[in-house]
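Comments concern the structure below.
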């Protein structure tokens, strides 16, 4: 009988021990103590809270973006740019109609934003785009192509960019130019390398040695070639008379040399040059 009682006690203790071990084991069946279990449970709660907070933050960010879009649309409707033409105000569009209404509004703005003015020119078919083929602040005259046998004339003038009397001197040299002459642009030689002082003392831009030294600068050669191309392009487009100004600090060396070389090349290509030096 005693052995049976001991056996029952041992069995009860074993069952109690197994139940205790089962309550202290994790999901993988590993035995853990009570402190570690509490730490794991606390960590799980923390992770869950962080996940919820992240989801809430994402939703709030999305709502903020939507609010900003609507606010920006309303502000644009309330305070338009003064440079932008007035456009009929539109209500805040709903999602299905948003794209169509915004495209309609954009097309209306593009249509009225840049109206054609008297100074606008269509250069889409030009091979070379100079700075301007018309004098500023004037309405361009209709281009009448010159006869095929009409001479193409280049009126090219050198001048001093630093003298206060430059304007009056230039006006004096332009009196013999026909009124219908197309002004191309003004070429500045200020940034070109100046010739040596020894050559400057003995001559000016009419001297061939001065011209050779001025044209040793790559910028001078590039600008002179571009000027020749622009002049010939105007001739081919129907302009019979073209005017160009070339200036430097003194109006005696670099600008004179450039004018002489450009005129020589234009003459060699079949044109006719009329050279004037305002300050030589």
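Residue numbers (this note's numbering): 214 to 493. Just so it is clear, CB atoms sit at the ideal spot from N, CA and C, and this is done for glycine as well.
Determine the burial state of residue i: buried for a count of at least 16 other Cβ atoms within 10 Å of its Cβ, exposed for fewer.
i	result
residue 240	Low confidence applies here, because residue 240 scores a pLDDT of 49, under 50, leaving its location unreliable and the question unanswered by this model.
residue 340	Only weak support exists for where residue 340 lies, its pLDDT of 38 falling under 50; the value from the coordinates is given anyway. Classification of residue 340: exposed, given that the 10 Å Cβ count is below 16.
residue 445	buried
residue 391	exposed
residue 449	exposed
residue 486	buried
residue 408	buried
residue 365	buried
residue 427	buried
Taking only three categories from DSSP, how would you classify residue i?
i	result
residue 260	helix
residue 403	coil
residue 417	coil
residue 393	coil
residue 468	helix
residue 251	helix
residue 481	helix
residue 365	coil
Go to residue i, then tell me how far its alpha helix (DSSP H) extends in each direction, as first and last residue.
i	result
residue 440	431-449
Please state if the CB of residue j and the CB of residue i are separated by a distance shorter than 8 Å.
i	j	result
residue 474	residue 431	no
residue 457	residue 440	yes
residue 455	residue 394	yes
residue 467	residue 492	no
residue 433	residue 405	yes
Would you please state the rounded distance, in angstroms, between the beta carbons of residue i and residue j? I believe it to be under 8 Å.
i	j	result
residue 479	residue 471	Wrong, their Cβ atoms sit about 12 Å apart, outside the cutoff.
residue 425	residue 469	Not a contact, Cβ separation roughly 13 Å.
residue 397	residue 476	With a Cβ gap of about 14 Å, residue 397 and residue 476 do not count as contacting.
residue 462	residue 374	6 Å
Where do the N-terminal and C-terminal ends of the beta strand (DSSP E) with residue i fall, by residue?
i	result
residue 191	Within the shown structure, residues of the chain are numbered from 214 to 493, placing residue 191 beyond reach of any answer.
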